[in-house]
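Enquirer: Dumping the structure here so I can ask a few things about it.
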Amino acid sequence: MGYAGQSGGLAISNVVFGQYNPGGRLPITMYPASYVDNVSMFDMQMRPLSTNPGRTYNFYTGKAVYEFGIDRSYTTFLYSWNNDTILVRLLRVNVTNTGDMSGDDVILAFVRSRNATMNGEISSIKQLFGFEHVSLGVNQTKAVFFPLTVRHLLIIARDGTKWLHPGSYDILIGQQHMHTFKLYGQSIQWASKKHVFPSNENI
């Protein structure tokens, strides 16, 4: 818990004594204390280098104190893949509360490339492309849906251009590997839309 305010003590005690079942995900990566010694304050690279272990869950190669997306709950959840094919744009995942207490879960959907590098660019470890919050009673199951398009597979190069590369990709729900699919063809640069801002006299 961050800055909990005047009611923080009560909130924490309700969790500790089981009167409240927490549900949520950590939205950041918590690095070890040694991280500040491993990265120069003048080095703003996101991707890992010989002088930089990388930043965020996309590229950090070290061991985090708490990883992005970690959660805590007094119950357990089971994810099951419910797609015969991923040719459809909408992926369905069934979530079941397998514990003995009602609880909330935030389901995180990631995609990752099996290619370590693409045209010289280091691929991200994984990329979040969707999340859904559900409340489940004991033994209750709900279906959640995640749209997946080729936009979620784009790699952003160091110069800011976006690329779509062929190869094998994994779909993960939380930490669980669900499916692998293959993209065929050649690498193409993704056309970026230009944003035209009004002139000063129109503001």
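The sequence shown begins at 209 in our numbering and counts up by one.
The C-beta atom is built at its ideal place from N, Cα and C for all residues, glycine as well.
Can you give the beta carbon distance from Ser281 to Pro230, rounded, assuming they're within the 8 Å contact cut?
Expert: The sequence position of residue 281 within the sequence shown is 73, counting from 1. The sequence position of residue 230 within the sequence shown is 22, counting from 1. With a Cβ gap of about 6 Å, Ser281 and Pro230 count as contacting.
Enquirer: Have a look at Arg263, Arg233, Gln253 and Leu298 and flag the residue whose alpha-carbon is nearest the alpha-carbon of Pro240.
Expert: Position 32 of the sequence shown, counted from the start, is the residue given in the question as residue 240. Nearest Cα to Pro240 within the set Arg263, Arg233, Gln253 and Leu298: Arg263.
Enquirer: Rounded to whole angstroms, what is the Cα-Cα separation between Arg297 and Phe389?
Expert: Numbered from its first residue, the sequence shown carries residue 297 at position 89. Numbered from its first residue, the sequence shown carries residue 389 at position 181. If I take the Cα positions, the gap works out to 13 Å.
Enquirer: Can a CB atom of chain E be found closer than 9 Å to the CB of Gly232?
Expert: Protein chains in the displayed structure number just one, and chain E is not present.
Enquirer: Give the C-beta separation of Ile333 and Tyr265 to the nearest angstrom, bearing in mind that I take them to be a contact with Cβ-Cβ under 8 Å.
Expert: The count along the sequence shown starts at 1 and reaches residue 333 at position 125. The count along the sequence shown starts at 1 and reaches residue 265 at position 57. By a beta-carbon distance limit of 8 Å, Ile333 contacts Tyr265. Their separation comes to about 7 Å.
Enquirer: Work out the CA separation of Ser310 and Val224 for me, nearest whole Å.
Expert: Walking along the sequence shown from the start, residue 224 turns up at place 16. Walking along the sequence shown from the start, residue 310 turns up at place 102. Taking the straight line joining both Cα atoms gives about 16 Å.
Enquirer: Taking only the alpha-carbon atoms, compute the straight-line gap between Leu361 and Leu372 and give it to the nearest angstrom.
Expert: For the purposes of this step, residue 361 is taken as residue 153 along the sequence shown, with counting starting at 1. For the purposes of this step, residue 372 is taken as residue 164 along the sequence shown, with counting starting at 1. Rounded to whole angstroms, Leu361 to Leu372 spans 7 Å at the Cα level.
Enquirer: Can you pull the DSSP bridge partners for Lys350?
Expert: Taking the sequence shown and counting its residues from 1, the one referred to as residue 350 is at position 142. Looking at the DSSP assignment, Lys350 forms a beta bridge with Val303.
Enquirer: What's the gap between the Cα of Ser221 and the Cα of Phe339?
Expert: Here residue 221 refers to the residue found at position 13 of the sequence shown. Here residue 339 refers to the residue found at position 131 of the sequence shown. Ser221 and Phe339: Cα-Cα distance of roughly 28 Å.
Enquirer: Within this structure, are the beta carbons of Asn302 and Lys350 separated by less than 9 Å?
Expert: Numbered from its first residue, the sequence shown carries residue 302 at position 94. Numbered from its first residue, the sequence shown carries residue 350 at position 142. A contact, by the Cβ cut-off of 9 Å.
Enquirer: Is Arg268 helix, strand or coil when you go by DSSP?
Expert: On the sequence shown, residue 268 is found 60 positions in, with the first residue counted as 1. Checking the sequence, you will find Tyr at residue 268 rather than Arg. Three-state DSSP puts Tyr268 in coil, outside helix and strand.
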